[in-house]
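Per the working numbering, residue -15 is the first one in the sequence shown, and the count goes up by one each step.
Notes for the one structure printed next.
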Amino acid sequence: MVRKRYAVVGGGPMGFAVIKCLKEEGMEPVCFERTGHIGGLWRYHDDDIDGLASVMKSTVINNSKEMGAMSDFPPKEEYPNYMHNKHVYDYLTSYAKAFDVERHIQVNREIIEVGMADDYEATGRLYVVVRDTKTRDESREVFDGVFVCVGHHVFPNWPSFPGMEKFKGKILHTHSLKKVDPFEDQVVVIVGVGNSGMDAAVEISSVAKQVYLSTRRGAWVIPRVGPWGLPMDIQTQRRWLDILFKITPYSLVCSFCELVLNQRFDHSLYNLKPKHRIWSQHATLSDSLPIKLLSGAVVVRKNIKEFTENGVIFDEEEKVTECDSVVFATGYKIKFPFLDERLTTVNKNEVHLYKYIFPPHLKHPTLAICGLVQVVGAGFPTGEAQARLATLVMNGKVSLPSREEMEADIRKKKEVISKRYSQSERHTIQADYIPYLDEIYSLIGAKPNFLKMLLTDPVLFWTLFFGPSLPYQYRLQGPHAWSGARQAILEWKKRIVKPLRNDCDAHQNSITVSKIFLSVFFIILIGYFIKIIF
């Protein structure tokens, strides 16, 4: 029997996960990476190339190492809890080495076109046109399936303002922002208050004469450092809290969270308070912005009304604010220029996909777009979940529902997004972290059985249900379960403490927020336990 071959587009974290999953299923992966290296945007490089993403030299990942780990590959104990991009890259390349991923990746290979093979109706096969980026030679191959793993931080979104063509200074997008040295002693305007805008403002302000942070809507700014100086996501992304938020009115949840954030710094006072509620936007994270605002290194301004030759005029102002450079932190356009339109299309950053993976209209589920979801949580375990589901579907071990059912699921998700989130092309692929992972893993039988766990392993139940919702839980059962999952879950505190102090057995002073509230909400949670979770 001829072994089936599957094309993987992109040799970054998502591509790594797909290759590993294909190998586990006995399927042959052939990965094409446009650059001369692996690692995707987490491999820092100075080059500014259209269509290629890369982090800033100073970038630190927004999720903690435990919450952001692959489900069967815990990070090293000595890694800091929030990893610099060099540590992230080291983690990813270690993952690739551990699972023999790299030998399946062909570098300097650009995908030009993906379409339906001549025998698609009968077989579902897809053709791929590949270009060697050095020789420019092109070749055409046919595969049994294609996984698109290029992410959604590739094509910058460039806004348009009156008078931009007159401006004599420099205009760039954060996509091209690598180092801050070129902005030394400059006056710089940053447009946009998402995560890239916050990072750009904070980093550039360390060398610039003045930084102005321009925003249309404002933003709720969430710290990465939580109570007792521990990672915020470790303390908030917990199953019991997720249930509590589900049974509590949305407005009350938002009011509580906004109160907590305003106690840290008053968003109205700092001219950042938006009209929308806190969970009606994608999370914006920054610990350094408040001190930058207090010190005057960064000043918040309204949206740009127009450009002049030597600066900009902000809304509600008449005076020109002179500046040397303008940096657009305005997000990205979702594009797949190599995909035949019969396979899928993008409309205003919306991609019609079941579970954010499969085009529902295709006769055969042989195209999977992985990594195209934005959760309030970590990206690596979310993308890995998609990879595990997609490979099992293509291997015939998991069946997708009917087209009608998939379309209904897509409509439901769009309705949730439209009701909850502010209307923006930024909010088209949103999902809640724990519910989305549960949703995906329920389809493959890897979602933990908490009722059984309560009866057979109460220590593990307590750790998982009331502690952080760690990705290792999805390796306790189901396809390709991992024997080390239980230990990885029980030892999470040790790996959190290790980079902070060597005496890991030292007393940890109430390191979970949940312990404060458990006695109050325990009865309520148990009352909803069977109804909601089981």
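Glycine is no exception: its CB is placed at the ideal position from the N, C-alpha and C atoms.
Within 8 Å, strictly: CB atoms of residue i and residue j
i: VAL428; j: GLY462; result: It should be pointed out that residue 428 corresponds to Ile in this sequence rather than to Val. Closer than 8 Å, so yes.
i: THR19; j: VAL91; result: yes
i: PHE167; j: SER309; result: yes
i: SER198; j: ILE174; result: yes
i: VAL205; j: SER270; result: yes
i: ASN141; j: TYR420; result: no
i: LYS276; j: SER160; result: no
i: LYS347; j: GLU105; result: yes
i: ARG248; j: PRO207; result: yes
i: VAL132; j: ILE353; result: yes
i: GLY135; j: MET51; result: no
i: ALA313; j: TYR458; result: no
i: VAL330; j: LYS319; result: yes
i: HIS464; j: GLU8; result: yes
i: GLU61; j: ARG479; result: yes
i: LEU76; j: GLY(-5); result: no
i: GLU290; j: PHE145; result: yes
i: ILE262; j: CYS238; result: yes
i: VAL195; j: VAL164; result: no
i: LYS162; j: LYS41; result: yes
i: PRO344; j: ILE394; result: yes
i: PRO455; j: MET182; result: no
N-terminal and C-terminal residue of the alpha helix (DSSP H) that residue i is part of
i: HIS29; result: First-last for HIS29: undefined, no H or E at that position.
i: ARG479; result: 476 to 481
i: SER48; result: No alpha helix (DSSP H) holds SER48; DSSP gives it neither H nor E.
i: SER180; result: 179 to 188
i: ALA1; result: -3 to 8
i: ARG(-11); result: Taken as a continuous stretch (DSSP letters only), ARG(-11) belongs to no alpha helix (DSSP H), being part of the beta strand (DSSP E) at -11 to -7.
i: PHE434; result: 434 to 440
i: LEU273; result: 273 to 278
i: SER402; result: 387 to 404
Residue i (DSSP reduced to helix, strand or coil)
i: CYS241; result: helix
i: ASN65; result: coil
i: ARG410; result: coil
i: ASN486; result: coil
i: ARG200; result: coil
i: TYR234; result: helix
i: MET54; result: strand
i: VAL377; result: helix
i: PRO13; result: strand
i: VAL311; result: strand
i: PRO215; result: strand
i: VAL359; result: strand
i: VAL(-14); result: coil
i: PHE167; result: helix
i: THR366; result: helix
i: THR305; result: strand
i: LEU581; result: A question about residue 581 goes unanswered here, because the residues of the chain that appear run from -15 up to 518.
i: PHE342; result: strand
i: LYS259; result: coil
i: THR447; result: helix
i: LYS470; result: It should be pointed out that residue 470 corresponds to Arg in this sequence rather than to Lys. Here ARG470 sits in helix by DSSP.
i: ARG372; result: helix
i: ALA80; result: helix
i: ARG18; result: coil
i: GLU293; result: coil
i: HIS348; result: coil
DSSP bridge partner residues for residue i (one or two, in chain order)
i: PHE298; result: ILE288
i: LYS317; result: PHE139
i: TYR73; result: Answer is none; TYR73 lacks a bridge partner.
i: PRO452; result: ARG222
i: THR519; result: The question about residue 519 has no answer here: the residues shown for the chain are numbered -15 through 518.
i: VAL175; result: SER198, PHE312
i: VAL283; result: TYR196
i: ASN331; result: GLU334
i: LEU323; result: VAL98
Terminal residues of the beta strand (DSSP E) in which residue i lies
i: PRO419; result: It is not in any beta strand (DSSP E) - PRO419 instead sits in the alpha helix (DSSP H) that spans 417 to 428.
i: VAL532; result: This structure cannot settle anything about residue 532, because the visible part of the chain is limited to -15 through 518.
i: LEU351; result: 351 to 353
heavy atom of the ligand SAM below 7 Å from residue i C-beta
i: SER239; result: Absence of the ligand SAM is noted for the structure shown, with no ligands found whatsoever.
Residue-chain proximity (residue i, chain D), Cβ-Cβ < 8 Å
i: HIS29; result: Of the chains in the structure shown, none is chain D; there is only one protein chain.
Handout entry: beta strand (DSSP E) segments (min. 3 residues) lying fully within the stretch 90 to 161
Key = Listed in chain order, the complete beta strand (DSSP E) runs (minimum 3 residues) inside the stretch 90 to 161 are 93 to 100, 110 to 116, 122 to 127, 129 to 132, 154 to 157.
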